[in-house]
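What follows is a short report on a single structure.
Residue numbers (our numbering), protein chains in the order written: chain E, 5 to 453; chain L, 80 to 808.
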C-alpha cells in the first residue's frame, strides 16, 4: 500500500515561456531534516519550539580550519575567543579547550572568563570601557590590556605606581586600510601619528610593559586586502619601536572582522559564494607580516580575535510555523515562532531558512514574520518558500554569532539553547526563561502590594 | 712562573712520543715504554736524544703546541733513534748522525702531515720508515760507525740488568714447550722498540693491557690470526722471532680494529680479513727489500692501514656500523663509548640540518619505500598532506583542488642554499588525474652543499617566487602547494638527493628537528625520518631555553654552589669543538650546540665537581618546550662506573655493553605559556647493570629569562650558573 500523498494547498504560478534567465530554472529548496544526525522533529519534541541548537562538531571543525589556515602560513599563532560573539559558558569552554585565550570587552566578560577557568595571563582585555577596578584586577592577574584612548593610558600610568605587577599593555591602532567606513572610534590613529605618540609615551614612562600592537579594522570584511594593509602598518610600527627603543613586541593582534557565510541585506550574490575563506584572510595577513621588515628570527606571535566566522555556522534555530496568511496585496505571508527578539541578526542578514521535511518543488514568494506584536518583526521580507502548514517545522541556519548575546527579552520569553556534542549527545546549555526567572530581579515597592 | 707550562709541555711531549707508537697518550704506559727502551741502555739514550731533537726543533720552529704535546712529532724520530742506536756502537759520531737523522725524520713528519691532511689521513710511521732507510743505507759508507754486538748476546745484557735470577727466569721461560707462539708474540711486541727479548714484550703487553683492554685484545687477535694464516699457507712463523716484523700484525690489528675505526664486531671482522692480506704483503715486500738489504720494518702496517682507512672514507653511504673515527679519544674504549652511547644528536652531528619544508601539522601519506611511487632509486622520499581531525584531506566533496587543505599553502626553504633547478609551467591536474608526461610537476631543487640537494615537487603553476641561482635562507617562502605532475590530489613531494636535477635519485638522509604528534603526545626528533601516517611539524623553539643554553666561545659564567663561587668560560679547540672550562679546577666539559639543543659529549676532570654536575643535569636539552615531552639518551658508562667493573666491560664492549648510564629529561612547566619568565625541567640519571637500575639521581632545573640556570638536587643543594654580562664601555 503506497503512502498517502501529503496535502498541499493549491497555488497559482505564472508560466514563464521562453528561455530561462541567467539563474537557470527554478530549483527545489533544500531541506534540513537533522542536525548532527539528530532529527529536527525529535529536538523539537524534546526541547520545545523554538530552540537554539549548537553543534560542537561544527565549532571544532571550523576552529581547526581557521587554525590550520594560519599555522601553516605563520610560525606562531594564537586565537582568543571573542566573548561578546557568544559567551555561553559551554561555548567559551569549547574554544578554551581548543587552545583559545579569552578576548573580553567589559568587567562582566572578564569575570566570566575567569570563572570559565581561563588564567589571567590568557585574557586580552579590549574595549573603551574599563573601570579603574577592572584595570587593577587585570594588571594583578597579568592580563593583556589593550589601551583604547589616552585617558585610559593616563589611568594605567597612575595605577602602575600602586600595583605589585607591571601592567602588560598593547595599544589598539585604527587606520586607513582603504575601506569604508573607517573605524576610527576605537584606539589611536595611525596616520595622524597618535599611535606613535602613545607608544612613545608608554616606552618613555618605563612603567608599563608594552607587549603588543592591536587593530580591528572593521566588521564583516568582504575582502582580505585591507588586512594586509593593516598588518603592514602594525609591522611598521613594531619595526620603528625596535629601531628607536630596541624594544621587541611579543605579538601583533589583528583583531577579528572575518565574515561568515551569511548573506548581508542588499547583497547581490549569496555570502557563501562571495565571502573570503580563512585561507584568504590568513594569506593576506601572513604574507604582509612575513614580507615586512620584522626580524624573521623573532617574529611576533600573531593573535586573532575572530568570533563571528568561528561560531556562526555552528548555530541553528529550529521552530514551527504559527500561521499562514494572505496579505492585502495578495502576497503570501507566514508567521513563525522565531522573532527578532531572539534573532537579532535578521536586521543584517537575509537568513537562510529551510523546511525540516520534504515538500514538493512548488514554492511561493513569501514574507516570513516573527511572532511579536511589532511591525518590525520580519525575518525574511521576500523568499521563495515551499507551502508549509501550521505546525510544520523549519530550520534557520548560521545564527551562532551575536544572537545569544544580543537577544533581548521582549514580549516573550527566550527559549532553551541545546548543544550537540561530538558524540551526538544533546545537552541543555541554557534553560528557557520562565516568568519566575524573568521577574526574579524585579522589585515592587511596598505601596503597590 | 712562565716556565711552568713550558716544562709541562716538554715533559708531556717526551712521554707521549713513546706511547704515541701505540696511539696512546697514557703517561704510565709511556713510562713503561720508556723503561723498555732503556733495556738496551744505549738504544734508550739515542731514542731519547732523537725525541728531544724532534720536539725541541718543533717548538723552536713554532708548530702547533697541542700536536707537540701529544708526541705526534716525536714518535717517528724516536723509532729512528732506537733503530739506529741498537745497530751501532755508541760513539760521538753516532750521536751526531742520530741527531741529524732525527731532524730529517722530523722534517719528513711535517711534510707528510701536510700531504696526508688533504686526504684526512694519518702519516703513521712512514716518516720513521723513510728516516731509518735513509740512515741505514747511508751508514754503509760511514766507516766511523761500528756495528754493535749487544743484542746478539742476550744473556750478557740480562745479567747486567737483573743478575743470575733474571737469566734463570729467562731460561725457564725459553724452555717451556708449546708456548712458541706466545714467545714470538712477546718478541714481536718488544720488537716495536727494537728489543729482541721477551721481557720487553711482557712489559709492553702489561702496559698495553693497562692502557686499553680493547687494544690489548686486538693485539692478541691480530697476532694469532696472522699466526694461523702462516700455519695455513705453510710459511715459517718462527722467522718472525728474529726479523722484527711480527709487530706489523699487532699494530695493524689495533689501528683497524679499534683506533681508526670505532671498535665493533664489524671492525674486528675486518681486522681478521686484513691480517692475511698483511701477511701476504709482508712476504712479498720482504723479497723486494732484500735487494737493498734493508728491513721492511713497519711498511706492511703502514700500507694496509692507510689503504683501509682511505677506502672507508670514500664510501658513499657511511651510516652502517663500520664507522671511521674523526676525532679520536685517548683510548679505543673511549672512542667506542663516546660513539655508542653519546646522544643520538652527537652521532648525527655530521648531518646537514634539513628541516621540513612547511609550517604547521602535516601528515605523511607516503614515506620511504612507499606503496605508490617511492620505489627503487626514488625510494627515499616523502609525500605530505594536511588532514583534519577526522583524517580528511579536503572539505566538501574533494572534487576540486581548492577544497584540499594543503592546496596553495606556502612551501618554505628546508635549509639555506642556492636554487639549482626550477620548473614552473605545468598546470594543476584535476582531482584524480595525473600527468605522466611531466612526472615531477613544478619543482624546485636547492643546493645545500656538495652532493646535497633537496627537491620539492608538485607545486602550483606560477607560484614559484625564486629564480635559478638565487640564494634562499632557511624558512624563506619558495612557492605554493599545487597539484602538478604525477599528483592525483594536492600534496608536497620532498626528497633529498646528491645531484642537481629534477627527478634525481634519492638519498637516504634524515630530517632535522621535528615533532611527531600522536594523540596530544609529542615526540621530539633531532634527526630522523618521518614514517607513514605520522603527523609531523617543525619544532618551534623556546626563547628562554634558546637564550640560557646558548654557549658561544668567550661567554663567561658565574657559578655558585652552596656558598662556593667559581667561574666557567666557554672555549673552543682547533677542531672547532666547544667546551666549558673551569679555570680554577681545570675541568672540561665538551658540548655541541645547534638549533635544536645542546648536547654534552665528553667530560674530563673531577667527578665531584660543579661542572660534572652541570654536565649530568643538562646532558641533552632541547631548545624547544612542549609541555610533558620526555627525551632520553645514554651517557658513556666509563664516566659513572668504577674501574674494576669497567675493566671487564672493556673487553666485551665492541660486542655487548651491559653497563649503561641513562639520561632522561622531562619538560615540566613554564610559569606563563606566552610570556614566560622561567622554564622548568627535570632530569634524571640512572646507572643500569644488565637492565637493572642500581642508582638514580634527579635534578630539578630552572632556566630563567635572564639566562640564569638553577639546578636543585639532593636535599636542596643548589647550583646556579649565571652569564656574566660585560659592562658597556
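Ideal placement from N, C-alpha and C gives every residue a C-beta, glycine not left out. None of these values were measured; they are calculated from a predicted model.
Non-local C-beta neighbours of residue 617 (chain L) in its own chain, meaning closer than 6 Å and more than five positions away in sequence, comprise 434, 435, 593, ordered along the chain. Short of 8 Å from the beta carbon of residue 213 (chain E), and not among the five residues preceding or following it, lie these beta carbons of its own chain, in chain order: 170, 171, 172, 173.
DSSP places residue 669 (chain L) in the uninterrupted beta strand (DSSP E) bounded by 666 to 672. Comparing alpha-carbon positions, the option among E:306, E:332, E:295, E:409 lying closest to residue 346 (chain E) turns out to be E:409. At least one beta carbon of chain L lies nearer than 7 Å to the beta carbon of residue 125 (chain E). Judged by beta-carbon spacing, residue 508 (chain L) lies within the 7 Å limit of residue 562 (chain L), meaning their Cβ atoms are closer than that value.
With a threshold of 7 Å between beta carbons, residue 61 (chain E) makes no contact with chain L. A contact between stretches requires three or more CB pairs, one per stretch, nearer than 8 Å, and the region 224 to 231 of chain E meets this requirement with the region 286 to 302 of chain E. The continuous alpha helix (DSSP H) containing residue 347 (chain L) extends over residues 344 to 369. A direct Cα-Cα distance of roughly 7 Å separates residue 388 (chain L) from residue 403 (chain L). Close CB contacts of residue 326 (chain E) within its chain, under the 8 Å cut and outside five residues either way in sequence, are with 339, 340, 341, 375, 394 (chain order). Distance check between residue 275 (chain L) and each of L:687, L:704, L:753, L:117 places L:117 closest, using alpha-carbon atoms only. Within the region 656 to 713 of chain L, the complete alpha helix (DSSP H) segments of 4 residues or longer fall at 689 to 696, listed in chain order.
Beta bridge pairing from DSSP links residue 366 (chain E) with no other residue. Below the 8 Å Cβ cutoff, chain L contributes 556 as neighbours of residue 294 (chain E), in chain order. Contact with chain L is found for residue 254 (chain E), since one of that chain's Cβ atoms lies less than 7 Å from the residue's Cβ. When beta bridges are read from the DSSP output, residue 135 (chain L) appears opposite no residue. In the DSSP annotation of this structure, the continuous segment of the beta strand (DSSP E) that includes residue 644 (chain L) starts and ends at 643 to 651. If you ignore the 5 residues before and after residue 102 (chain E), its C-beta comes within less than 7 Å of the C-beta of 64, 67, all in its own chain and listed in chain order. Under the Cβ criterion of 7 Å, residue 402 (chain E) is not counted among the residues facing chain L.
Residue 446 (chain L) counts as buried, since no fewer than 16 other beta carbons sit within 10 angstroms of its beta carbon. The shortest CA-to-CA distance from residue 645 (chain L) to any of L:663, L:609, L:530 is the one to L:663.
Residue 673 (chain L) has its alpha-carbon roughly 10 Å from the corresponding atom of residue 628 (chain L). DSSP places residue 167 (chain E) in the coil class of the three-state scheme, outside both helix and strand.
Going by DSSP, residue 384 (chain E) is part of the beta strand (DSSP E) stretching over 382 to 390.
Residue 154 (chain L) is a Cβ neighbour of residue 99 (chain L), given a cutoff of 7 Å. Contact between the region 528 to 538 of chain L and the region 570 to 580 of chain L is present: 3 or more CB-CB pairs across the two stretches fall below 8 Å. From the beta-carbon of residue 751 (chain L), the residues of chain E found nearer than 8 Å are 125, 146.
One Cα belongs to residue 206 (chain L), the other to residue 123 (chain L), and the distance between them is close to 20 Å. Note that the C-beta distance between residue 370 (chain E) and residue 385 (chain E) is not below 7 Å. Ranked by Cα distance from residue 335 (chain E), the options E:16, E:175, E:431 are led by E:16. If you ignore the 5 residues before and after residue 141 (chain E), its C-beta comes within less than 7 Å of no other C-beta in its own chain. Look at residue 495 (chain L): its C-beta is not under 7 Å from any C-beta on chain E. With fewer than 16 other beta carbons inside 10 angstroms of its own, residue 318 (chain L) counts as exposed. Under the Cβ distance rule, residue 489 (chain L) counts among the residues neighbouring chain E, one pair being separated by less than 7 Å.
Residues of the region 84 to 97 of chain L that bring their beta carbon within less than 9 Å of a beta carbon in chain E are absent altogether.
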